[in-house]
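Colleague:
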Amino acid sequence: MHSPISVSVFSSQKDLPNPREKIHVQAAFIMEDPMPCTCTSLEGCSVAGKGFFARDIKFINTAGAEMHQAVAFRSGSDMSVLFRCAFDGFQDTLYAHSNRQFYRDCDITGTVDFMFGNAAVVFQNCNIQPRQPLPNQFNTITAQEKKDPNQNTGISI
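In terms of the UniProt record's numbering, the sequence shown has 8 at position 8, counting the first letter as 1, and numbering is strictly consecutive.
1. Verify whether the separation of the beta carbon atoms of T93 and N139 is less than 8 Å.
2. Is the distance from the Cβ of G89 to the Cβ of N61 below 8 Å?
3. Report the three-state DSSP secondary structure of A86 (helix, strand or coil).
4. Kindly indicate which residue of N99, M67, E66 and V71 has the alpha-carbon position closest to the one of A48.
5. Using the rule of at least 16 other Cβ atoms within 10 Å of the residue's Cβ for burial, across every protein chain shown, is N118 buried or exposed?
6. Evaluate Q132 with the Cβ neighbour count: other Cβ atoms within 10 Å of its Cβ, from every protein chain shown; 16 or more gives buried, anything less gives exposed.
7. Pull the bridge partners of M79 from the DSSP assignment, please.
8. I'd like the span of the beta strand (DSSP E) that includes A96, first residue to last.
9. Buried or exposed: residue 166, going by 16 or more other Cβ atoms within 10 Å of its Cβ?
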């Protein structure tokens, strides 16, 4: 299923198409002016299913550093690909929750653990920019959530 961004925004779980379908979301802008997907809550935007693909989209969580953990984008999609996307937030910006994920030519900003999760995830040619953390906080780029050393997961940059 290929959809322009205007019809790819779903307001609730019941509006989602068949989770077995592949969803391709593409903005009609180049990266200098990407189509924003702005979230002001702590939950952010989230995808699941198999084969999610996004290109030239900016995922933003505007909750601010004071809200601490506030995800801009969460993916549990197996074999997902995000190309020339941007992820902008503070703590816990990009949540690579599970499965296999690939990010190429993406911009990622945050403060604490801003790339985290338990996926098998590759970040290739991505621009990773730590932001100024709150007082008494320190920049930490990644946090892997692996609980079992036998799990086939990890973060590769």
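Positions of the beta carbon are idealized from the N, C-alpha and C atoms, including for glycine. These numbers come from a predicted model, not from an experiment.
Modeller: In short:
1. Result no, Cβ atoms of T93 and N139 do not sit closer than 8 Å.
2. Yes, they are a contact pair.
3. strand
4. Scanning N99, M67, E66 and V71 for the CA closest to the CA of A48 turns up N99.
5. buried
6. exposed
7. In the DSSP assignment, M79 is bridged to no other residue.
8. L94 to A96
9. Since the first residue shown for the chain is 1 and the last is 157, residue 166 is missing from the structure and cannot be characterised.
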